[in-house]
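Once you know that position 185 of the sequence shown is 199 in the working numbering, the rest is easy, because the numbers rise by one and skip nothing.
Think of the CB as a built atom: it goes at the ideal place given N, C-alpha and C, for glycine as much as any other residue.
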Amino acid sequence: MHLVKLLILIFILGLNSSVSIAEEAYNAEVRYLHVQKGQTLHNIVKRLYPKRVKQWPKITKDIVRLNPHAFINADPTRMKADVRLTLPLKAVVRSVPLKPKKRKQVGTVAESEGSVIAVDIRKVSRKLSMGQPVYLGDKVITGEKGYVRLRMIDAAILDLRCYSIMVIEEYALNTQNRKSILNLLQGSLKKVTGKIGKMTEDIYELRTPVASVGVRGTEYALRVFQSKGCGGTIDADDGFYLEVIKGLVDVHNEAGQEVVAKGETAYVPVPKAVPQKIKVKPGILKPVQKVEKKNTEDEESSIWWWLLGVVGIILLI
């Protein structure tokens with residue numbers, strides 16, 4: 015039954031998605047990118063559009079035009095840190111062959127439980143089990159009791175819990191083009207950052223429909239658009255929930271930005287709401303730990319046996 019539900023969900027998602035890698039990855043919408051300290055516009059353009067060298071000047075000009083708040087005196091060499099860039103639509107939607115000769119493997123399934131399916135860029139679905147590869151452009155979907163751990167090419171670890179949908183939009187580890195862009199459409203995810211995101215010039219972002227995460231740290235958990243609890247978590251209002259387990263994380267959307275540190279949690283109800291650091295109710299991001307109640311009769315019986323033992327020792331003395 016769970017498999018049937020997943021196949022129906024895949025069919026619905028397929029109706030709304032396109033046939034090329036670019037449209038699958040970006041949904042033909044304007045993209046956003048959070049600028050971290052030390053990054054330059056030249057390096058961002060070079061890493062995002064490595065095969066469009068002749069268009070770099072135009073792309074650079076368009077980015078400056080769309081983001082006057084991000085540059086001092088409209089100078090592309092004087093970009094501010096901790097700002098959000100809107101990237102030009104035409105530069106984002108690239109023409110990529112429908113059927114590439116070879117799919118690019120970006121990770122491997124380390125653990126898998128329950129219903130876990132991947133839909134590739136050709137809209138072909140396959141069941142994911144331990145040891146199987148995951149590819150660039152894959153849409154990973156977990157069922158009601160599904161869980162999957164992905165070990166990526168940069169040693170990052172992704173734990174995707176039940177009722178989750180995540181798209182691997184960009185993943186590259188080569189020396190001059192290190193980037194990781196994931197899109198969690200719904201569900202719960204825990205990530206331990208790998209090599210990508212540790213260098214200043216790396217492009218790293220985890221997107222959701224409500225807010226995006228730019229990493230400064232190494233480990234965090236989040237949940238988005240998952241009102242029904244599963245796998246031990248409780249029901250919750252729709253929105254974006256985040257907990258930083260280690261390091262620092264930037265949470266940003268069109269309304270604002272918040273830096274969340276180790277041990278802190280944040281919540282964003284809708285895309286146009288400013289991210290806020292608040293205390294998140296236990297059980298939303300982590301499974302509730304069940305406390306087993308001790309049997310009262312067993313406790314009383316244990317006490318009596320203890321007393322009898324003491325009396326026996328006294329009599330022997």
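8 Å Cβ cutoff met for residue i and residue j
| i | j | result |
| --- | --- | --- |
| residue 182 | residue 152 | yes |
| residue 268 | residue 291 | no |
| residue 244 | residue 177 | yes |
| residue 233 | residue 227 | no |
| residue 264 | residue 48 | yes |
| residue 97 | residue 88 | no |
Opening and closing residue of the beta strand (DSSP E) in which residue i lies
| i | result |
| --- | --- |
| residue 248 | Element bounds for residue 248: n/a, residue is neither H nor E. |
| residue 147 | 147 to 149 |
| residue 140 | 139 to 141 |
| residue 59 | Element bounds for residue 59: not the beta strand (DSSP E) but the alpha helix (DSSP H), 55 to 62. |
| residue 263 | 262 to 267 |
| residue 165 | 161 to 166 |
| residue 132 | 130 to 133 |
Neighbourhood of residue i by C-beta distance below 7 Å, restricted to the same chain and skipping five residues each side
| i | result |
| --- | --- |
| residue 325 | Note that residue 325 scores 49 on pLDDT, short of 50, meaning its location in the model is unreliable and no value can be drawn from it. |
| residue 299 | 235, 237, 255, 257 |
| residue 95 | 49, 50, 51 |
| residue 78 | 85, 88, 90 |
Unbroken alpha helix (DSSP H) run spanning residue i, endpoints
| i | result |
| --- | --- |
| residue 100 | That residue, residue 100, is in no alpha helix (DSSP H); its beta strand (DSSP E) goes 98 to 100. |
| residue 293 | Careful: residue 293 lies outside any alpha helix (DSSP H) and carries neither H nor E. |
| residue 74 | 70 to 80 |
Own chain residues within Cβ distance below 6 Å of residue i, not counting five before or after
| i | result |
| --- | --- |
| residue 214 | 52 |
| residue 239 | 200, 252 |
| residue 140 | 132 |
| residue 212 | none |
Same chain only: Cβ atoms within 8 Å of residue i, ignoring 5 sequence neighbours per side
| i | result |
| --- | --- |
| residue 270 | 288, 289 |
Within-8 Å CB hit, residue i to chain C
| i | result |
| --- | --- |
| residue 208 | Absent from the structure is chain C; it holds one protein chain and no more. |
Do the segment 246 to 261 and the segment 283 to 296 make contact, defined as three or more Cβ pairs closer than 8 Å?
With the cut-off at 8 Å, the segment 246 to 261 and the segment 283 to 296 touch.
Do three or more CB pairs link the segment 150 to 170 to the segment 122 to 136 at distances below 8 Å?
Yes, they touch.
Report yes or no: do three or more beta-carbon pairs, one from the segment 200 to 212 and one from the segment 164 to 173, lie closer than 8 Å?
Between the segment 200 to 212 and the segment 164 to 173, the count of C-beta pairs closer than 8 Å reaches three or more; the two stretches touch.
Where are the beta strand (DSSP E) runs, 3 residues long or more, that stay fully inside the segment 173 to 200, in chain order?
Fully contained in the segment 173 to 200 are the following beta strand (DSSP E) runs of length 3 or more, in chain order: 179 to 186.
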